[in-house]
Structure formats: structure tokens, C-alpha cells
Amino acid sequence: MRILITGAGGRLGGELARQLQARQHTITGVDVGQMDITDFERVQQTVAEVRPELVLHCAALTAVDYCAEHPDEALAINGYGTQAVAQACQAHDAALLYVSTNEVFDGRARAAYQEYDRPNPPNPYGYSKWVGEQLVRDLVARHFIVRTSWLIAHGGQNFVHAILSAAGAGQPLRVVTNEVASPTYSRDLAAAITALIETGRYGIYHLVNAGHCSRYTLARHVLDLAGYTGTPIEPITLAEYRRASCPPPRSILRNFAAARLGITLRPWQDAVAAFLEAERLREP
Ligand SMILES: NC(=O)c1ccc[n+]([C@@H]2O[C@H](COP(=O)([O-])OP(=O)(O)OC[C@H]3O[C@@H](n4cnc5c(N)ncnc54)[C@H](OP(=O)(O)O)[C@@H]3O)[C@@H](O)[C@H]2O)c1
Numbered sequence: 004m005r006i007l008i009t010g011a012g013g014r015l016g017g018e019l020a021r022q023l024q025a026r027q028h029t030i031t032g033v034d035v036g037q038m039d040i041t042d043f044e045r046v047q048q049t050v051a052e053v054r055p056e057l058v059l060h061c062a063a064l065t066a067v068d069y070c071a072e073h074p075d076e077a078l079a080i081n082g083y084g085t086q087a088v089a090q091a092c093q094a095h096d097a098a099l100l101y102v103s104t105n106e107v108f109d110g111r112a113r114a115a116y117q118e119y120d121r122p123n124p125p126n127p128y129g130y131s132k133w134v135g136e137q138l139v140r141d142l143v144a145r146h147f148i149v150r151t152s153w154l155i156a157h158g159g160q161n162f163v164h165a166i167l168s169a170a171g172a173g174q175p176l177r178v179v180t181n182e183v184a185s186p187t188y189s190r191d192l193a194a195a196i197t198a199l200i201e202t203g204r205y206g207i208y209h210l211v212n213a214g215h216c217s218r219y220t221l222a223r224h225v226l227d228l229a230g231y232t233g234t235p236i237e238p239i240t241l242a243e244y245r246r247a248s249c250p251p252p253r254s255i256l257r258n259f260a261a262a263r264l265g266i267t268l269r270p271w272q273d274a275v276a277a278f279l280e281a282e283r284l285r286e287p
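Below is the structure:
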């Protein structure tokens, strides 16, 4: 398949480009330097030139606290920018896969969220991503919406890197116990997305590693696996952790739809162990 990836320099976009190339798809990856998604003309021109059968739309403003402080910028990139990508897909008859987030849900449900549950974003990042979802649904008939959570990727910064570097530097660790979701390894997510697009079964999907945990449990698990078993972590609540954004407290995504297609992801504990092992092998 001829595929255009937006946000190809990012954590998920880069992994997708690698895995799809290995499966003989023809990949064109673009980032903000080649195609700013808020530039309508540029997006139209790029899609006209590449003539993709599918656009994998990974570009986004993902720093949630920055989004809370700059809600219009979040909306301009994640909402309006996604509109430009969707309109280019419409004009050039390309299918569209939009990557979305657990943060479209408010996190107040006791049960896991199904693909078909009604979003109610609790913060400006989640709101901007929900706007993007609606534009994709309204403008492109052949679309996938893939929601995921707590991405753990090689390169760049993520929660696991932050915990390990704080422990390595001997800094005190304070981690919240009442924010719960599913950690998701970027390689597992990219493999699941690859399998999903090859089915051609458009729709809404939740793709996360199986199971869920609190940030505190994840941090403890990572430290124990990495040999910091004696390093203490002070348990705190979301109310004690001052930050600009307000995350959903309990946003567990249930993979109902993709499982029907035989697409499931391994338990998060195995994924974290695989991630740490791959990081160890990457060390010089
Ligand atoms: N990370 C997570 O935990 C998580 C969880 C759930 C869902 N998601 C979703 O998954 C997708 C991929 O996330 P990720 O973690 O791979 O994000 P990422 O590493 O932040 O990558 C996003 C990419 O988009 C680019 N970008 C930003 N503004 C742009 C613009 N105006 N035009 C074109 N490109 C632009 C960024 O370029 P610069 O770096 O140069 O700005 C970056 O390369 C996003 O849609 C995100 O909302 C992520």
C-alpha cells in the first residue's frame, strides 16, 4: 500500500514507518518541516503529489500541560490541522487513520471504556483530539480512529524514562496512585495498527497493552525490573500533584473491536519488560 505518515519524526510515526517498510509498504514520512498540518495548501499539495491510498495521521501537539496552557494552539494543530488532513484525503480519495487518546474520556467511569462510549474530554488536549476525531468521522468515509494511552517509545521522553533518570540521579520520587490507564509499547501499537490497516475494516478501535495499572504501580514495576528495588517511591494523589493539565483519573480502554479481528496486545508487564530489554540492547 502507498502510505503517507504525518508526524513521522515522532515516537509513534517513526516506529510505524519502520514496521510498515519492513512489510513492503511504500512509505512517505513527513514532519512539520515538510508539511505543517495547519497549512491547508501545503497539505493538499503533498497529498496530491504522494497520492497515498492511506494517510496515517500521527502528527499532533502531544504535550498535555503545554496544551492546557495554550488551548488555542492545541485546537489549531489537533483540530484544525486534522481538518486539513481530512479534507486532503477527501479530495484525493485516500483512507485516513487518526491516532487518538484515552484523554477524550473524563475518566470517571468505573468500568473500562468501549470504543462506542461517549467522549467527554476533561482537558484542552483531550478536547482538541476529540475535535479531530469528529472531523475525521464527518469528512472521510473510509477512516480508522485508533485510541491509545500512555505510550512508551524508544527515543524522546516518556514516563518510564523520567522515572529511570530520576532514580539514576538519586532524586526523590513522588508518583500518583489514583491515575489509572494502560501503558502501551510503541512497537506493539505499531504492529497492531499495521495488522488493522491490512484488514481494511474501518471503524473505531482501542489499541493498548492488556491490563491496567496506576502510575505508581507502573513506576514500581519499572524500578524493580531495572534493578532499583530498594529505591523508595512516595505515593501521592492527583490532588497533590500540581500540574497545568487535569488527566482523566481512570481511563482504561477496552479493546473490544480489534479483538474481533484477532488483533490483541500482550499484557503491559510483558511489554514494559520488552521495552527495557530493547533499551538495554540499544545502549552503547
Ligand atoms: N504519547 C502518548 O502517550 C500518546 C497517548 C495517546 C495518544 N497519543 C497520540 O498518538 C499520536 C502520536 O503521538 P507521539 O507520542 O508519537 O507524539 P510525538 O512524539 O509528540 O510526535 C508528534 C509529531 O507531530 C509533529 N507535529 C507537531 N505539530 C505539527 C504540525 N503543526 N504539523 C506537522 N507535524 C507536527 C511533531 O513535530 P515536532 O516534534 O517538531 O513538534 C512530532 O514529530 C498523537 O496523535 C497523539 O495524540 C499519544
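Take 4 as the starting number for the sequence shown in this note's numbering and just add one per residue. All C-beta atoms in this analysis are idealised placements derived from N, C-alpha and C, irrespective of residue type, glycine included. Keep in mind it's a predicted model, so treat the numbers as computed, not measured.
Notebook entry, point to check: What residues match up with Pro238 in a beta bridge as DSSP calls it?
Noted result: Val178
Notebook entry, point to check: Going by other Cβ atoms of all chains shown within 10 Å of its Cβ, with 16 needed for buried, is Pro175 buried or exposed?
Noted result: exposed
Notebook entry, point to check: Closest to Pro270 by CA distance: which of Pro250, Leu264, Thr187, Val58 is it?
Noted result: Thr187
Notebook entry, point to check: Of the choices Tyr205, Leu284, Asp109, Ala262, whose alpha-carbon is the least far from that of Pro250?
Noted result: Asp109
Note to self: Using 8 Å as the threshold, is the C-beta distance between Glu118 and Ile207 below it?
What the structure shows: yes
Notebook entry, point to check: Between the C-alpha atoms of Pro55 and Trp133, what's the straight-line distance to the nearest angstrom?
Noted result: 25 Å
Next item on the list: Pair every Cβ in the stretch 63–78 with every Cβ in the stretch 21–31, then say whether three or more of these pairs are closer than 8 Å.
Entry: no
Check: For Leu7 versus Val53, is the C-beta distance shorter than 8 Å?
Finding: yes
Item checked: CA-to-CA distance, Met4 to His28, given in whole angstroms -> 5 Å
Checklist line | Proximity test, Val102 beta-carbon vs ligand 1 heavy atom, cut-off 7 Å | finding: yes
Check: Taking just the CA atoms, how far does Glu282 sit from Asn105?
Finding: 26 Å
Next item on the list: Take Gln137 as the anchor and find which of Leu228, Leu264, Asn81, Thr234 has the nearest alpha-carbon.
Entry: Asn81
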